[in-house]
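Undergrad: Handing you this structure, nothing more for now.
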Amino acid sequence: LTVVLVNNGGGGIFSFLPIANAMPEQQFTQLWATPQNVDLEGMCRAHGIPHQRASTPEEYQQALNSAWGLNRHSVVEVVTGRSANVDVHRMLQQRVRRATHAYLALRQLQQQQQQQ
């Protein structure tokens with residue numbers, strides 16, 4: 014089992030809320046994001062669990078390949094930023110929205126053609 018842990022410093026879910034843009038970033042971080050400074054590598058080491066950290070897609074792929082090659086449980090920590098996380102989610106939501114609209118338009122067209 015390889016656990017992929019997305020580490021955005023903690024509190025990243027709150028960056029999706031409207032409050033994230035309603036106050037200065039430093040204040041938002043202190044009051045809402047409440048960053049966690051946890052040494053995940055140290056925690057894994059204390060429990061004898063192999064740990065690897067990745068911050069790029071290339072490092073992530075290398076870490077996964079390495080972890081899978083261990084043939085035992087391990088942790089791959091993927092370091093991200095809260096704002097980048099929100100940006101990627103919004104981009105994916107927009108793509109899903111466009112694909113859904115295209116599918117529904119195509120389906121409606123097919124239904125109209127079947128009725129003729």
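Residue numbering for the sequence shown follows the numbering used here, starting at 14 and increasing by one per position. For every residue, glycine included, the Cβ atom is placed at its ideal position computed from N, Cα and C. Fair warning: this is a prediction, and the values are worked out from it, not measured in the lab.
1. Using a Cβ-Cβ cutoff of less than 7 Å, which residues in the same chain neighbour Ser68 once the five nearest sequence positions on both sides are dropped?
2. Scan the stretch 67-107 and note each continuous beta strand (DSSP E) run of 3 residues or more that stays entirely inside, going in chain order.
3. Answer yes or no: do Leu117 and Thr15 have a C-beta to C-beta separation smaller than 8 Å?
4. Is Ala80 closer than 8 Å to Ser87 when the C-beta atoms are compared?
5. Assign Asn34 to one of two classes, buried (16 or more other C-beta atoms within 10 Å of its C-beta) or exposed (fewer than that).
6. Taking just the CA atoms, how far does Ala115 sit from Val19?
7. Out of Phe41, Leu119, Met36 and Pro37, which has the shortest C-alpha to C-alpha gap to Gly23?
TA: By the coordinates alone:
1. Val92
2. 87-92
3. no
4. yes
5. exposed
6. 32 Å
7. Phe41
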